[in-house]
Amino acid sequence: MTPPAPARPARRSIPATVLGTRDERLKEPQPPRAARIAAYVLFFPLGFAVSVCGAFVQALWPPVGLLLALAATAATFYGGLRVTGTRLGAAVPAAGWFVALLMVMVPRPEGDNVLWTNSTSLAWLFAGSILGVICATLPTRAGWFPGVAGPPR
Numbered sequence: 769m770t771p772p773a774p775a776r777p778a779r780r781s782i783p784a785t786v787l788g789t790r791d792e793r794l795k796e797p798q799p800p801r802a803a804r805i806a807a808y809v810l811f812f813p814l815g816f817a818v819s820v821c822g823a824f825v826q827a828l829w830p831p832v833g834l835l836l837a838l839a840a841t842a843a844t845f846y847g848g849l850r851v852t853g854t855r856l857g858a859a860v861p862a863a864g865w866f867v868a869l870l871m872v873m874v875p876r877p878e879g880d881n882v883l884w885t886n887s888t889s890l891a892w893l894f895a896g897s898i899l900g901v902i903c904a905t906l907p908t909r910a911g912w913f914p915g916v917a918g919p920p921r
């Protein structure tokens with residue numbers, strides 16, 4: 769009698785292969801507190817830099833520049849979430865992103881503007897804000913309070 773052929777593993781989608789499934793993400797160990805704090809400190813200026821660069825890129829090559837700026841914004845927010853394992857990890861680069869937006873939205877005394885009231889600028893502002901909210905509300909390894917590690921699982 770021949771043994772049965774081994775069952776093939778189920779095919780995984782590309783996002784599940786790259787990002788992992790929800791269960792796999794929730795089983796990952798929580799990084800040490802010092803590493804999380806260092807990541808928070810580094811992700812704030814990274815969010816700031818992505819916002820400033822995105823303000824110029826989205827206007828430079830519309831509509832490809834808008835998509836590129838949104839991809840960098842989403843990667844920064846989601847990277848903060850995955851590196852720290854907390855919702856605060858996504859909120860900190862979003863805060864840096866928003867602070868930079870406040871600075872580039874204010875017109876200069878000479879009359880220069882970085883962000884204008886055109887469709888690509890408004891789409892970047894709106895979609896980037898939505899991406900920040902989405903990333904900050906994804907399931908994490910942390911407990912119910914943002915930035916605080918949950919009980920061991």
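In this note's numbering, the protein residues as written are 769 to 921.
No residue lacks a Cβ here, since even glycine has one placed at the ideal position from N, Cα and C.
Considering only their Cβ atoms, is the gap separating L870 from A858 smaller than 7 Å?
For A858 and L870, no; Cβs fall outside 7 Å.
For a minimum of 4 consecutive residues, which ranges assigned as the alpha helix (DSSP H) are wholly contained in the segment 795-840?
If we require 4 residues or more, the alpha helix (DSSP H) runs fully inside the segment 795-840 come out as 801-828.
Excluding five sequence neighbours on each side, which residues of the same chain lie with their C-beta closer than 7 Å to the C-beta of L794?
Counting only Cβ-Cβ distances below 7 Å, and skipping sequence neighbours, we find P907, R909.
Might you give, ordered along the chain, the residues of its own chain that have their beta carbon closer than 6 Å to the beta carbon of G900, omitting 5 neighbours on each side?
Cβ within range, chain order: F845, A862.
For V786, which residues in the same chain have their Cβ closer than 7 Å to its Cβ, ignoring the five residues on either side in sequence?
There are no such residues.
Within its chain, find whatever has a CB closer than 7 Å to the CB of P831; leave out the 5 residues flanking it on each side and keep chain order.
Hits under 7 Å: T888.
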